[in-house]
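Below: the structure, in C-alpha coordinates.
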Amino acid sequence: MAVMLGGIPATVRTPVAGVELDAIAALETASYAADEAASPQALAQRLKVAPELFLAAYDSVGTLLAFVCGTRSALQLTAESMSTHDPDGPLVCIHSVVTRPDARGRGVAVQLVREYLSALPLHTEVALIARAHHVPLYQGAGFVSLGPSAVEHGAGVWMEMRMETGGPADKVA
1193 MAVMLGGIPA
1203 TVRTPVAGVE
1213 LDAIAALETA
1223 SYAADEAASP
1233 QALAQRLKVA
1243 PELFLAAYDS
1253 VGTLLAFVCG
1263 TRSALQLTAE
1273 SMSTHDPDGP
1283 LVCIHSVVTR
1293 PDARGRGVAV
1303 QLVREYLSAL
1313 PLHTEVALIA
1323 RAHHVPLYQG
1333 AGFVSLGPSA
1343 VEHGAGVWME
1353 MRMETGGPAD
1363 KVA
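Taking the numbering used here, the leading residue of the sequence shown gets 1193, the next gets one more, and so forth.
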(Lines of atoms letter the chains of each structure in order from A and count residues from 1; the text may use other names and numbers.)
(Lines give C-alpha, C1' and ligand atoms only; values in the text may rest on other atoms or scores of the structure.)
Protein backbone atom coordinates (compact mmCIF):
# COMPACT_ATOMS: atom_id res chain seq x y z
CA MET A 1 0.00 0.00 0.00
CA ALA A 2 1.39 3.41 -0.94
CA VAL A 3 1.41 6.02 1.85
CA MET A 4 3.22 9.18 2.90
CA LEU A 5 5.25 8.76 6.09
CA GLY A 6 6.77 11.95 7.42
CA GLY A 7 6.54 13.45 3.94
CA ILE A 8 8.36 10.46 2.45
CA PRO A 9 6.56 8.41 -0.22
CA ALA A 10 6.56 4.83 1.04
CA THR A 11 5.19 1.39 0.36
CA VAL A 12 3.92 -0.42 3.46
CA ARG A 13 3.67 -4.22 3.51
CA THR A 14 4.65 -7.41 5.29
CA PRO A 15 8.35 -8.05 4.63
CA VAL A 16 9.53 -11.11 2.74
CA ALA A 17 11.30 -13.51 5.12
CA GLY A 18 14.94 -14.11 4.38
CA VAL A 19 15.22 -11.58 1.59
CA GLU A 20 14.50 -8.51 3.73
CA LEU A 21 15.28 -9.85 7.19
CA ASP A 22 18.97 -8.89 7.03
CA ALA A 23 18.10 -5.20 6.56
CA ILE A 24 15.47 -5.39 9.32
CA ALA A 25 17.93 -7.02 11.74
CA ALA A 26 20.64 -4.49 10.89
CA LEU A 27 18.27 -1.57 11.53
CA GLU A 28 17.10 -3.14 14.82
CA THR A 29 20.70 -3.65 15.99
CA ALA A 30 21.68 -0.10 15.04
CA SER A 31 18.63 1.38 16.79
CA TYR A 32 18.56 -0.32 20.19
CA ALA A 33 21.14 -0.85 22.92
CA ALA A 34 22.83 -4.25 22.69
CA ASP A 35 20.88 -5.58 25.69
CA GLU A 36 17.56 -4.39 24.19
CA ALA A 37 17.77 -5.24 20.48
CA ALA A 38 15.99 -8.34 19.23
CA SER A 39 18.32 -10.89 17.71
CA PRO A 40 18.03 -11.73 14.01
CA GLN A 41 16.66 -15.11 15.13
CA ALA A 42 13.95 -13.47 17.29
CA LEU A 43 12.94 -11.19 14.40
CA ALA A 44 12.81 -14.17 12.02
CA GLN A 45 10.66 -16.08 14.51
CA ARG A 46 8.23 -13.15 14.91
CA LEU A 47 7.90 -12.88 11.14
CA LYS A 48 7.36 -16.63 10.85
CA VAL A 49 4.73 -17.02 13.61
CA ALA A 50 2.95 -13.65 13.28
CA PRO A 51 3.47 -12.20 9.78
CA GLU A 52 0.19 -10.30 10.12
CA LEU A 53 1.79 -8.38 13.02
CA PHE A 54 4.95 -7.41 11.10
CA LEU A 55 4.75 -4.28 8.95
CA ALA A 56 7.61 -2.63 7.08
CA ALA A 57 7.84 0.59 5.10
CA TYR A 58 10.10 0.99 2.07
CA ASP A 59 11.06 4.25 0.39
CA SER A 60 10.58 4.98 -3.31
CA VAL A 61 13.73 3.05 -4.27
CA GLY A 62 12.78 0.02 -2.17
CA THR A 63 15.12 0.63 0.77
CA LEU A 64 13.84 -0.19 4.26
CA LEU A 65 12.56 2.99 5.92
CA ALA A 66 10.97 1.67 9.12
CA PHE A 67 9.22 -1.31 10.65
CA VAL A 68 6.88 -2.35 13.46
CA CYS A 69 6.54 -5.89 14.73
CA GLY A 70 4.60 -7.67 17.43
CA THR A 71 3.11 -10.90 18.68
CA ARG A 72 -0.06 -11.97 20.49
CA SER A 73 -0.20 -12.84 24.15
CA ALA A 74 -2.33 -13.11 27.26
CA LEU A 75 -3.69 -9.83 28.66
CA GLN A 76 -0.99 -9.62 31.34
CA LEU A 77 2.17 -8.00 30.01
CA THR A 78 5.19 -9.89 31.36
CA ALA A 79 8.69 -10.70 30.12
CA GLU A 80 7.45 -14.22 29.35
CA SER A 81 4.32 -13.06 27.53
CA MET A 82 6.46 -10.76 25.39
CA SER A 83 8.89 -13.54 24.47
CA THR A 84 6.35 -16.01 23.10
CA HIS A 85 3.49 -15.91 20.61
CA ASP A 86 0.00 -17.19 21.38
CA PRO A 87 -1.97 -17.04 18.10
CA ASP A 88 -5.21 -16.95 20.11
CA GLY A 89 -3.97 -14.35 22.60
CA PRO A 90 -6.22 -11.30 23.02
CA LEU A 91 -3.34 -8.84 23.46
CA VAL A 92 -1.08 -7.58 20.68
CA CYS A 93 2.37 -6.81 22.10
CA ILE A 94 4.41 -4.43 19.97
CA HIS A 95 8.09 -5.30 20.33
CA SER A 96 9.89 -3.00 17.91
CA VAL A 97 9.18 0.34 16.30
CA VAL A 98 12.27 1.31 14.33
CA THR A 99 12.95 4.11 11.85
CA ARG A 100 16.03 4.60 9.71
CA PRO A 101 18.26 7.32 11.28
CA ASP A 102 17.94 9.75 8.34
CA ALA A 103 14.13 9.66 8.62
CA ARG A 104 13.82 10.12 12.40
CA GLY A 105 12.10 13.17 13.84
CA ARG A 106 9.76 13.49 10.84
CA GLY A 107 6.73 11.60 12.17
CA VAL A 108 7.53 8.37 10.31
CA ALA A 109 7.30 6.18 13.44
CA VAL A 110 3.97 7.52 14.70
CA GLN A 111 2.44 7.36 11.22
CA LEU A 112 3.65 3.78 10.70
CA VAL A 113 2.29 2.79 14.12
CA ARG A 114 -1.08 4.27 13.10
CA GLU A 115 -0.98 2.23 9.86
CA TYR A 116 -0.13 -0.87 11.90
CA LEU A 117 -3.01 -0.26 14.32
CA SER A 118 -5.49 0.43 11.51
CA ALA A 119 -4.84 -3.07 10.14
CA LEU A 120 -5.87 -4.71 13.43
CA PRO A 121 -9.48 -5.71 14.14
CA LEU A 122 -11.57 -3.18 16.07
CA HIS A 123 -11.38 -3.45 19.84
CA THR A 124 -8.01 -5.21 19.84
CA GLU A 125 -6.05 -4.49 23.01
CA VAL A 126 -2.49 -3.39 22.17
CA ALA A 127 0.42 -2.92 24.58
CA LEU A 128 4.06 -1.95 24.43
CA ILE A 129 6.85 -0.83 26.70
CA ALA A 130 8.74 2.37 25.93
CA ARG A 131 11.45 4.53 27.37
CA ALA A 132 10.09 7.71 29.00
CA HIS A 133 11.40 9.93 26.17
CA HIS A 134 9.31 7.95 23.65
CA VAL A 135 6.02 8.19 25.59
CA PRO A 136 4.84 11.29 23.63
CA LEU A 137 5.42 9.47 20.33
CA TYR A 138 3.12 6.62 21.35
CA GLN A 139 0.58 8.98 22.91
CA GLY A 140 0.41 10.57 19.45
CA ALA A 141 -0.72 7.19 18.12
CA GLY A 142 -3.43 6.83 20.80
CA PHE A 143 -1.61 4.97 23.56
CA VAL A 144 -2.02 5.80 27.25
CA SER A 145 0.86 5.47 29.70
CA LEU A 146 0.13 3.22 32.68
CA GLY A 147 3.39 4.14 34.41
CA PRO A 148 6.49 2.03 35.01
CA SER A 149 6.31 -1.49 33.61
CA ALA A 150 7.04 -4.61 35.62
CA VAL A 151 8.77 -5.98 32.51
CA GLU A 152 12.55 -5.85 32.75
CA HIS A 153 14.36 -5.68 29.43
CA GLY A 154 17.90 -4.38 29.43
CA ALA A 155 18.96 -1.65 31.82
CA GLY A 156 16.66 1.09 33.04
CA VAL A 157 12.95 1.61 33.49
CA TRP A 158 10.33 1.07 30.80
CA MET A 159 6.86 2.61 30.72
CA GLU A 160 3.88 0.38 29.96
CA MET A 161 1.52 1.79 27.36
CA ARG A 162 -1.84 0.46 26.16
CA MET A 163 -4.67 1.26 23.82
CA GLU A 164 -7.66 -0.37 22.18
CA THR A 165 -8.09 -0.12 18.41
CA GLY A 166 -11.23 1.64 17.34
CA GLY A 167 -12.08 2.44 20.94
CA PRO A 168 -11.50 5.39 23.24
CA ALA A 169 -7.82 5.99 23.90
CA ASP A 170 -8.48 5.97 27.65
CA LYS A 171 -10.06 2.50 27.66
CA VAL A 172 -7.24 0.32 28.98
CA ALA A 173 -7.09 -2.95 30.89
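Built from N, CA and C at the ideal position, the CB exists for glycine as well.
Between the CA atoms of residue j and residue i - distance to the nearest angstrom
i     : j     : result
A1226 : S1288 : 14 Å
L1219 : R1292 : 7 Å
H1325 : W1350 : 10 Å
S1231 : R1238 : 11 Å
V1195 : A1248 : 12 Å
For residue i, the three-state DSSP class (helix, strand or coil)
i     : result
E1244 : helix
T1206 : coil
L1314 : coil
L1354 : A small fix is needed here, since residue 1354 is Arg in this sequence, not Leu. Of the three classes helix, strand and coil, the one that applies to R1354 here is strand, per DSSP.
A1295 : helix
Whether residue i touches residue j by CB criterion (7 Å)
i     : j     : result
L1257 : A1295 : yes
E1244 : L1283 : no
V1327 : S1337 : yes
F1259 : V1290 : yes
P1201 : S1273 : no
G1332 : G1198 : no
Cβ-based burial, residue i [other Cβ within 10 Å; buried from 16]
i     : result
P1207 : buried
>> Does the structure place the segment 1262 to 1274 close enough to the segment 1210 to 1217 that three or more beta carbon pairs sit under 8 Å?
In response: Taking 8 Å as the limit for Cβ pairs, the verdict is that the segment 1262 to 1274 does not touch the segment 1210 to 1217.
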